[in-house]
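Below: one structure, written as structure tokens.
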Amino acid sequence: MALALPAIQQPNAARAHALYTAGVLAMSQGDHAEATKTLTECLAIRRTLGNSREIAGTLSTLSTQYLLQNEPDKAGACEEEALDIFRKLGDREGEGIGLLNLGGIAVRQNDLVGAARLFEQACAIAQSLKHQELESECEHNLGDLALRSGDLETAANRFASSLKICREAEDKRGEAIAIWFSGRVDAAGGRSESACRKFAEALPAFQAYGMNSEALDCLDDCAALLHAAGRFDDAVRLQAAAAALREPLGLRSPESVAKQKREVDAARGSLGAERFEAAWSVGKTWTLEQSIRHALESTSGSSINA
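If you use the numbering used here, the sequence shown corresponds to residues 4 to 309, in order.
Structural data, given as structure tokens:
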């Protein structure tokens, strides 16, 4: 979660703003080297200009970029500096967002206890500010921690809270994410048909709002359900589609790469090499739209167990 930074018309400031915009664009396109280079240059200029708020905002964005390229230690250093600046400015919103971002970094560093503490602190600030977007993200992240630990009841309650806040705020993107993760709770609890319904509700929203990372991860979730139901060919096609579509975006963390490898190896073992390669060859050619359509068809109604 990041703060928007305004353009300023002074020559150096205008140059910094142009670099910032280019860096964010490169991030969205998965060009990590260019994004890091451009944002670092932007930060250097903004440090000379001395606008603390812009320095902090750039640090926070650079932190996100480092996280995307799997460098959580560098991400944490940037976010810690940004948080310190926001606190000195008395910017409670910036502080809350910084704590939320640091919580996400702690998760990547496998410090789940530290992450929970940071998310709780951010949530308290969000509630004091009546900042619905920040509060819903905190509830979501706390729910994800509970899901990781196997506390399905707490996870379900957290995601339900996030969903309620998003609906009150008319945040359709946040609503789709909350529904998706509620489906993950159902999947973890063995309620595959309920999980399928929720994934089917979330996927079209992800496509409509250009939420490609979320859509691809949800396709993997659908594939996992199909694999568990013995629908190995369908599962592998979706796995292949998600992997192929994700490749140019550079969206995978080491944790998710390892998880995908385990799932692909399991599917190969279930199908055998020849059937696996045939299914993979089909799925890797699908567009995102085709992949979502196949996921919806494969998991609709009672077909998950067909």
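C-beta atoms are modelled at their ideal positions from N, C-alpha and C, and glycine is treated no differently.
Contacts around LEU252, its chain only, beta-carbon distance under 6 Å, and the 5 residues preceding and following it disregarded: Cβ neighbours of LEU252 beyond the five flanking positions: GLY33.
query: Would ASN144 pass as a contact of GLY107 if the rule is Cβ separation under 8 Å?
result: Against a cut-off of 8 Å, the Cβ pair of GLY107 and ASN144 comes out as a contact.
- request: State the start and end residues of the unbroken alpha helix (DSSP H) segment that holds GLU171.
  value: Per DSSP, GLU171 belongs to the alpha helix (DSSP H) from 155 to 171.
- prompt: Are the stretch 123 to 139 and the stretch 147 to 154 touching, with three or more C-beta to C-beta distances below 8 Å?
  reply: Below 8 Å, too few C-beta pairs join the stretch 123 to 139 and the stretch 147 to 154 to call them touching: fewer than three.
task: Go to GLU84, then tell me how far its alpha helix (DSSP H) extends in each direction, as first and last residue.
output: Counting along the chain, the alpha helix (DSSP H) containing GLU84 begins and ends at 75 to 92.
task: Check the C-beta distance from ALA85 over to SER63 and give it rounded, since I have them as a contact under 8 Å.
output: So it is a contact: roughly 5 Å between Cβ atoms.
task: Out of LEU65, ARG56, ARG18, SER55, state which residue places its alpha-carbon closest to the alpha-carbon of LYS40.
output: It is LEU65.
task: Please name the residue in ALA243, VAL188, ARG278, ILE88 whose C-alpha comes closest to that of GLU57.
output: When ALA243, VAL188, ARG278, ILE88 are compared, the shortest CA-CA separation from GLU57 is found for ILE88.
task: Consult DSSP for HIS134 and reduce its assignment to one of helix, strand or coil.
output: HIS134 falls in the coil class under three-state DSSP.
field: Cβ neighbour criterion (16 or more within 10 Å) applied to GLU300
entry: When all chains shown are included, GLU300 counts as exposed.
- prompt: Hey, LEU274 and ALA245 are a contact pair by Cβ (cut 8 Å); roughly how many whole angstroms apart?
  reply: Not really, about 17 Å apart at Cβ, beyond 8 Å.
task: Leaving out five residues on either side along the sequence, give the residues of the same chain with a beta carbon under 7 Å from the beta carbon of ARG95.
output: The answer, listed in chain order, is ILE128, LEU132.
Rounded straight-line distance, which links the Cα of ALA179 to that of TRP283: Distance from the CA of TRP283 to the CA of ALA179, rounded to the nearest whole angstrom, comes to 28 Å.
message: Three Cβ pairs or more, each shorter than 8 Å: is that satisfied between the stretch 230 to 240 and the stretch 203 to 210?
response: Not touching, per the Cβ criterion.
- request: Work out the CA separation of LEU241 and GLY117 for me, nearest whole Å.
  value: If I take the Cα positions, the gap works out to 35 Å.
- request: Give the straight-line distance between the Cα atoms of THR288 and GLU280, rounded to the nearest whole angstrom.
  value: Using only the alpha carbons, I get a separation of about 13 Å.
field: Cα-Cα separation between CYS126 and LEU102, rounded to whole angstroms
entry: Using only the alpha carbons, I get a separation of about 9 Å.
message: Using a Cβ-Cβ cutoff of less than 6 Å, which residues in the same chain neighbour LEU70 once the five nearest sequence positions on both sides are dropped?
response: ALA78, listed in sequence order.
task: Report the three-state DSSP secondary structure of THR288 (helix, strand or coil).
output: It is coil, neither helix nor strand.
query: Would LEU248 be called buried (16 or more neighbouring beta carbons within 10 Å of its own) or exposed?
result: If you draw a 10 Å sphere on the C-beta of LEU248, you find 16 or more other C-beta atoms in it, and that means buried.
Cβ separation of ASN104 and GLU82, assumed to be a contact under 8 Å, to the nearest whole Å: Between GLU82 and ASN104 the Cβ distance is about 5 Å, and since that is below 8 Å, they are a contact.
- prompt: Among ARG111, GLY99, ARG271, which has the Cα closest to the Cα of GLU123?
  reply: Its Cα nearest to that of GLU123, the residue GLY99 stands out among ARG111, GLY99, ARG271.
query: Taking the alpha carbon of GLY192 as the point to measure from, which residue in LEU222, ALA159, PHE209, GLU217 has its own alpha carbon closest?
result: Comparing alpha carbon positions, the residue from LEU222, ALA159, PHE209, GLU217 closest to GLY192 is ALA159.
task: Indicate the three-state DSSP secondary structure (helix, strand or coil) for ASN15 in the structure shown.
output: The answer is helix: DSSP assigns ASN15 an H, G or I state.
- request: Report all residues from its chain with a CB closer than 7 Å to the CB of GLN12; omit the five preceding and five following residues, and keep chain order.
  value: Low confidence applies here, because GLN12 scores a pLDDT of 46, under 50, leaving its location unreliable; read the following figure in that light. Around GLN12: no qualifying Cβ.
message: Do ALA198 and ALA190 count as a contact pair if the criterion is CB distance below 8 Å?
response: Judged by their CB atoms, ALA190 and ALA198 are nearer to each other than the 8 Å cut-off.
task: Compare the Cα-Cα distances from ARG296 to each of ARG271, ARG265, GLY272, CYS221 and report the closest residue.
output: Looking at ARG271, ARG265, GLY272, CYS221, the one whose alpha-carbon comes closest to that of ARG296 is CYS221.
- prompt: Going by C-alpha distance, which of LEU155, TYR212, CYS141, LYS201 is nearest ARG176?
  reply: Nearest option by C-alpha distance: TYR212.
Nonlocal neighbours in the same chain, by C-beta distance under 6 Å from GLU217, ignoring five residues either side: So the list reads PHE209, once near-sequence residues are dropped.
query: Which residues bound the alpha helix (DSSP H) around PRO251?
result: Counting along the chain, PRO251 sits inside no alpha helix (DSSP H), nor does DSSP assign it H or E at all.
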